[in-house]
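> Chains as they are written, first to last, in my numbering: chain A, 1 to 572; chain V, 573 to 940. From the three backbone atoms N, C-alpha and C, an ideal C-beta is built for every residue, glycine too. Being a predicted model, the structure only gives us computed values, none of them experimental. Would you mind keeping the following structure in view while I ask a few things?
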């Protein structure tokens, strides 16, 4: 009995230890510091404010998730049912926004939809208007659209994978019994997809719930969410008690949603035979399907490609000295900004050679993928066969996504500063400090990527029917053989997706990086921020050039990851 | 075969990237490798390391720093720690086991907070005599001034000359109808120059008179954004962002930076700064030795170095700030294009207790 209990515990050891040390412990320390928030001494005004802020946070998160789900489902259908030229490129295109720093995305949206953006300038010259007709930046729509832009890839990947491996026998049976395609979708497909839709929606919701950059930069100062308020209270007011209170509210909300999710999903059993490999993808057959595919692709390009395109375009155009004019005077094409990236003109100490920054970013990203897959696999497989233990642990796993990165960063300082003191551990150099150890950054990235990876893998593992494993066991296969021949082919696609997620999260992560002390190991996002914090055309151009490099590297990285057909996939 | 190759490629990439992530300077602390422990024991004559905690906007010339390192047999490691508020937070939280020996980057809006938390120790540098008294805000010499910058409104020269409008000469002028919708300011809750501008209006109009000013400004179409980057690069018309507003709250040295960092050589800056009395706020930045440092002597030498002429004279073109040392000369390009404020406002004394209330009242008045 005890041994059986221990065996159930085993897969959880590594992930729980990791999250316990690198997430829960620092979090508890920083929250306890703020626990001297006194309810009596604070004005009633602050409670109104908090309620307002919480209300708005939920409101925009729900709206954003709904819209993201709408677009995501459409595109998931596209990618899971059809095959068309450049399909991988389009898939990578939807994933690129996920890792772009918000500053860069805001610049892209403004270039497209801002008061002097292409759309407004075009409309103004077409309709002879004085003032820009479309007001976008600073409205709620800007926030919603940016969230959709960022997070659709989550729905596309998770739900898309599930949809592609759905057993077609059920839908075929429904159709042959006379159900219309719509009824089939509603009564057969949707219930089967529910676990993955819920998982993806929860992830998107949590991202929107804790969104900071988008709210601040595109929404402007009118909209305040919990995360923004925590930032303000911590960084500008230096008011830790209030910030801790807000963090606790944020975490509790996350926990509640997690509990609801796990209560629902863990009780779903799956029926049917999952498809593996990339079968059943066909080119669009009749004219209706062609129109659908082309229409959806056009949507995709408009929503994803146009804002991103502004960046490479800006990075190669130079505006003439008359740039103080309202209407741009013919920009000239130039590669100056790219050239300038490689020159340290002021022999500044903090010059960031772009290849170095790229290499560091990629190294951290690779490490994050490795760690999160290593820790996520056992956790996900344990969750696929949930017992009493899993019911307790499951909601806690989502908390890293719901914690404010500010709070966590400060918790890291409290916890890891002076940890592993070099005076006690002689083999460490005398100026060693775990807090400034460069590998702490990929560890921080892994705590954020881990819930993602676990959820992606879990959604796939749930589809494996237990009958197959039992049949294999009866036929004499060992645990390892069962896993290799049954589990692995079914979840390999999800593994690749999960790896791609972890990769993009790490590549574009800036919040944790800015809060952990960084001794001269620059990454691409921090280098971009550096350029944007000083005036001057050269700085702006170089920021755009580096952002283009980041996009390119990310795109290539994703394409490579997706190209990997890990051994054992294919026919089942 | 292809699958195996690609898998090998991925893993070899992982492995070759293993080891140390590359650092920008040779002096960074190396990761522990498999050298014997004795390799890390300090040997007489080995350069010691001095860690300087700075905010993200810090910049310095490599040659000058290297000269200091050579003269004092020391390796300097700069610890970038976020913006001014974040860096101070970190320093306060790590008080018991300081992350660095020296902390640079406290400005006068956070000064009282830093001093109250007790993170600094006092050091009476002999070079303080070269600093005008008005900058020496801490008489106990725990926080020593290093540079100052003026937060002023920048305007687009081309716009004002093209439309024949006179440049506003004072804060009151901003309320005139001919300037409607032309100014973009930053939210003081999320931006340091935004807060500085708010403090300038408080100094001019008093508390609560400043709220009437802001109400009138709001009626005159002022645009509020979250931070300097957005205001300057998205809304300002004379920057590369080419935005709609010809006036922005920025620094008096920004016009010089526009010339310095322009893509084509310029004879005149496309922007100017409004620096008449009462329209700007002076931000002073301080450096201090962190309590608990084991390299007190080196820290003192570094502070002396920061206050001395060579470093002070290098600051304008690396960080676009003014040196406090009155013996330091300004580089010609800098002096030509940047205009220091005339009679700038100073940070009010009760900033620490009132910050929350002021920002709250401002938010109620200006943000709908």
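Would you say residue 540 of chain A faces chain V, with C-beta separation under 8 Å as the test?
yes
> By DSSP, does residue 720 of chain V sit in helix, in strand, or in coil?
strand
> I want to see whether chain V comes within less than 8 Å of residue 128 of chain A, judged by CB atoms only; does it?
no
> Name the chain A residues that come within less than 8 Å of residue 759 of chain V, Cβ to Cβ?
221
> Determine, using beta carbons only, whether residue 485 of chain A comes closer than 8 Å to chain V.
no
> The stretch 166 to 186 of chain A: which residues have C-beta closer than 7 Å to a C-beta of chain B, in chain order?
Among the protein chains in the structure shown, which are A and V, there is no chain B.
> Residues in the stretch 346 to 365 of chain A with C-beta within 8 Å of chain V's C-beta atoms, listed in sequence order?
346, 347, 348, 349, 350, 351, 352, 353, 356, 359, 360, 362, 363, 364
> Who are the neighbours of residue 685 of chain V on chain A, taking C-beta pairs under 8 Å?
238
> Taking Cβ positions only, does residue 829 of chain V come closer than 8 Å to chain A?
Chain A, which has a Cβ nearer than 8 Å to the Cβ of residue 829 of chain V, makes this yes.
> In the structure shown, what three-state DSSP assignment does residue 862 of chain V receive?
In the structure shown, the three-state DSSP call for residue 862 of chain V is strand.
> Does chain V have any CB closer than 8 Å to the CB of residue 19 of chain A?
no
> Does DSSP put residue 380 of chain A in a helix, a strand or coil?
Note: residue 380 of chain A maps to helix in three-state DSSP.
> Can you tell me whether DSSP reads residue 652 of chain V as helix, strand or coil?
strand
> List, in order along the chain, the chain A residues whose C-beta lies closer than 7 Å to that of residue 692 of chain V?
Result: empty, since nearest Cβ-Cβ is about 16 Å, beyond 7 Å.
> If we ignore side chains and look at the alpha-carbon of each, how far apart do residue 609 of chain V and residue 356 of chain A end up?
Reliability of the predicted coordinates at residue 609 of chain V is poor, the pLDDT of 46 falling under 50, and the value obtained from them is presented with this limitation in mind. The alpha-carbon atoms of residue 609 of chain V and residue 356 of chain A are separated by roughly 29 Å.
> Sort out for me which residues DSSP pairs residue 911 of chain V with in a bridge.
In DSSP, residue 911 of chain V forms no bridge with anything.
> Could you compute how far the alpha carbon of residue 19 of chain A sits from the alpha carbon of residue 487 of chain A?
In a straight line, the C-alpha of residue 19 of chain A is about 26 Å away from that of residue 487 of chain A.
> Would you list, in chain order, the members of the stretch 93 to 127 of chain A that have their beta-carbon closer than 8 Å to a beta-carbon of chain V?
103, 106, 107, 110, 114, 115, 116
> Starting from residue 727 of chain V, find everything on chain A with Cβ-Cβ shorter than 9 Å and list it in chain order.
Those within 9 Å of residue 727 of chain V in chain A number zero; the least Cβ separation is about 10 Å.
> What three-state label does DSSP hand residue 625 of chain V in the structure shown?
strand
> Using a Cβ-Cβ distance under 8 Å, would residue 552 of chain A count as near chain V?
no
> Does the count of Cβ pairs from the stretch 178 to 193 of chain A and the stretch 241 to 248 of chain A closer than 8 Å reach three?
At 8 Å Cβ cutoff, the stretches do not touch.
> Residue 400 of chain A CB to nearest chain V CB: under 8 Å?
no
> Does the beta-carbon of residue 836 of chain V have 16 or more other beta-carbons within 10 angstroms, so that it is buried, or is it exposed?
exposed
> What does residue 647 of chain V pair with, by DSSP beta-bridge criteria?
Under DSSP, the beta-bridge partners assigned to residue 647 of chain V are V:621.
> Taking residue 340 of chain A and residue 542 of chain A to be in contact with their CB atoms under 8 Å, please state how far apart those CB atoms are, rounded to whole angstroms.
6 Å
> Shorter than 8 Å from the beta carbon of residue 815 of chain V to some beta carbon of chain A?
yes
> Residue 453 of chain A: buried (16+ other C-beta within 10 angstroms of its C-beta) or exposed?
buried
> What did DSSP end up calling residue 226 of chain A once you bin it into helix, strand or coil?
helix
> According to DSSP, which residues form a beta bridge with residue 843 of chain V?
V:728
> State buried or exposed for residue 263 of chain A, treating a residue as buried only when at least 16 other CB atoms are found within 10 Å of its CB.
exposed
> My output table needs one value for residue 476 of chain A: the three-state DSSP class, helix, strand or coil.
coil
> What three-state label does DSSP hand residue 185 of chain A in the structure shown?
Helix at residue 185 of chain A.
> I need the DSSP call for residue 66 of chain A, collapsed to helix, strand or coil.
helix
> Are residue 796 of chain V and residue 114 of chain A closer than 8 Å when you measure CB to CB?
no
> Does the beta carbon of residue 532 of chain A sit closer than 8 Å to a beta carbon anywhere in chain V?
yes
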